[in-house]
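Everything on this sheet refers to the single structure shown next.
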Amino acid sequence: MINLTKTLFVMVFLHLISLSEVSAQKRVKLFDGKTLNGWHTLEGGKWEVKDDILIGSSPRAEQRHGILVSDKVYKDFEIEVKYLAVRGNSGLYFRVDESKDAVGVHGFQAEIDAKADAGGLYETNGRAWVVQPTKQKVATWFKPGKWNTMKVRAVGGDITVWVNDKKSAELKNDPGRKQGYIALQLHGDQDMEVRFKSVKIKEL
């Protein structure tokens with residue numbers, strides 16, 4: 069009877085651990101489709117929600133980068149965004165720190181642009197281009213004027229970016245930051261418009 073009780077206890081314990089691991093790996097919405105809850109804005113540009121779409125815009129006269137920053141800090145994760153780059157240069161920042169300069173954040177950016185470099189990796193106020201794809205390669209995965217899907221996976225120093233399920237950048241044992249905020253960018257000094265209809269993240 070004692071052995072049976074111990075066996076049941078172990079089985080329940082293992083089941084609870086399994087449920088906990090599944091819960092920890094669940095993909096959650098960073099953009100709820102209705103509000104900017106879970107985010108805060110830095111000065112520059114405009115972020116708003118219209119018809120379930122997150123829209124960022126900024127005029128050429130605006131010199132600051134308009135940044136929408138997650139309230140939460142993330143370490144190892146997999147994030148997926150569905151975006152439409154209407155005009156100008158945007159980006160999916162990750163593992164960034166906030167700064168007081170015109171850029172607003174320092175750290176990695178997976179490039180989002182209406183014309184070029186989509187899916188490349190740029191380190192703001194750091195190494196600049198770390199992985200810059202050629203125009204020929206970008207043309208194989210990026211769909212101009214249409215909705216695109218970008219996924220970034222960051223575990224330790226290993227970072228991979230996909231655009232429309234095609235690998236666009238990869239780093240192994242990168243020495244850069246290992247945790248920080250998620251953020252969306254509006255580049256200064258440009259006529260900007262970018263749209264997101266989904267932003268989901270899974271912590272690893």
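Numbering-wise, the sequence shown is residues 69 to 272 according to the numbering used here. Ideal placement from N, C-alpha and C gives every residue a C-beta, glycine not left out. These figures come from a predicted structure and were not determined experimentally.
As assigned by DSSP and simplified to three states, the class of residue i
{"i": "lysine 265", "result": "strand"}
{"i": "lysine 253", "result": "In the sequence under discussion, the amino acid at residue 253 is glutamine, which differs from the lysine named in the question. Three-state DSSP puts glutamine 253 in a strand."}
{"i": "alanine 207", "result": "helix"}
{"i": "leucine 160", "result": "strand"}
{"i": "glutamine 177", "result": "strand"}
{"i": "asparagine 216", "result": "strand"}
{"i": "valine 171", "result": "coil"}
{"i": "alanine 153", "result": "strand"}
{"i": "phenylalanine 145", "result": "strand"}
{"i": "glycine 248", "result": "strand"}
{"i": "aspartate 165", "result": "strand"}
Closer than 6 Å: residue i CB and nearest the ligand PLP heavy atom
{"i": "lysine 214", "result": "Annotation note on the ligand PLP: not contained in the displayed structure, which lists no ligands."}
Burial state of residue i (16 or more Cβ within 10 Å)
{"i": "tryptophan 197", "result": "exposed"}
{"i": "valine 267", "result": "buried"}
{"i": "proline 201", "result": "buried"}
{"i": "lysine 214", "result": "exposed"}
{"i": "glycine 194", "result": "exposed"}
Beta-ladder partner(s) of residue i, from DSSP
{"i": "aspartate 226", "result": "Val223"}
{"i": "glutamate 116", "result": "Ile123"}
{"i": "histidine 108", "result": "Val137"}
{"i": "glutamate 130", "result": "DSSP output for glutamate 130 lists no bridge partner at all."}
{"i": "threonine 192", "result": "Gly175"}
Test item: CB-CB of residue i and residue j under 7 Å
{"i": "aspartate 257", "j": "glutamine 177", "result": "no"}
{"i": "lysine 150", "j": "threonine 217", "result": "yes"}
{"i": "glycine 124", "j": "leucine 254", "result": "yes"}
{"i": "valine 171", "j": "threonine 192", "result": "yes"}
{"i": "glycine 187", "j": "serine 126", "result": "no"}
{"i": "isoleucine 227", "j": "valine 173", "result": "no"}
{"i": "glycine 175", "j": "arginine 245", "result": "yes"}
{"i": "isoleucine 147", "j": "lysine 265", "result": "no"}
{"i": "valine 199", "j": "aspartate 144", "result": "no"}
Same chain only: Cβ atoms within 8 Å of residue i, ignoring 5 sequence neighbours per side
{"i": "lysine 94", "result": "Lys270"}
{"i": "tyrosine 142", "result": "Phe162, Arg163, Gln247, Gly248, Tyr249, Ile250, Ile269, Glu271"}
{"i": "arginine 128", "result": "Asp257, Gln258, Asp259"}
{"i": "threonine 109", "result": "Trp115, Gly134, Ile135, Leu136, Val137"}
Same chain only: Cβ atoms within 7 Å of residue i, ignoring 5 sequence neighbours per side
{"i": "threonine 208", "result": "Lys234"}
{"i": "alanine 153", "result": "Ile180, Asp181, Ala182, Val262"}
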